[in-house]
């Protein structure tokens, strides 16, 4: 049986990798991703970064609904809403982000569960180990 904590953090990690955002480390307590500055400096569009960050922040709870958003999840979502608010009001964009995160979890449930099983066993993994378990997507 997979723990809710492992599902929650695995969903964050899989979402980060899927959106091209590197995972530094993942444990049963948190998923550390590469800092935002790296992506903004590389010229990534703010809207794309907003969507990626929002899905990462919300994927944990979408994968394991009994869990709660951590302070870092809430901060990441706040950054996503700020980046996305240039075009839409924060409440509307937050609702849209939640729909995207729920769909992401449905579409990637197999990879999330695969990583969660390994995470439950190891309790902590480096970003390289995460990539080894779930693979790395091409630019599609």
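In the numbering used here, the protein residues as written are 44 to 183.
Think of the CB as a built atom: it goes at the ideal place given N, C-alpha and C, for glycine as much as any other residue.
The structure presented is a predicted model; accordingly, all values stated were derived computationally and were not measured.
Beta-carbon contacts of residue 86 that lie in its chain and below 8 angstroms, excluding the five residues immediately before and after: With a pLDDT of only 47 at residue 86, under 50, the local geometry of the prediction cannot be trusted, and the value read off the model is given with reservation. Answer for residue 86: no residue qualifies.
At the level of alpha carbons, what is the spacing between residue 175 and residue 52? 16 angstroms
Which residues in the same chain have their Cβ closer than 6 angstroms to the Cβ of residue 143, if we skip the five residues on either side of it in sequence? 98
May I have a chain-ordered list of the alpha helix (DSSP H) segments no shorter than 4 residues that lie completely inside the region 48 to 135? You should have 79 to 84, 89 to 106, 114 to 127.
Hey, how far is the Cα of residue 67 from the Cα of residue 135? 31 angstroms
What does the alpha-carbon distance come out to for the pair residue 183 and residue 166? With a pLDDT of 39 at residue 183, under the threshold of 50, the modelled position of this residue cannot be trusted, and the question is left open.
Pull up the CB-CB distance for residue 119 and residue 100, whole angstroms please, since I reckon it's below 8 angstroms. 4 angstroms
Own chain residues within Cβ distance below 7 angstroms of residue 162, not counting five before or after: Cβ within range, chain order: 49, 52, 53, 69, 71, 168.
Buried or exposed by the 16-neighbour rule on C-beta atoms within 10 Å, applied to residue 117: exposed
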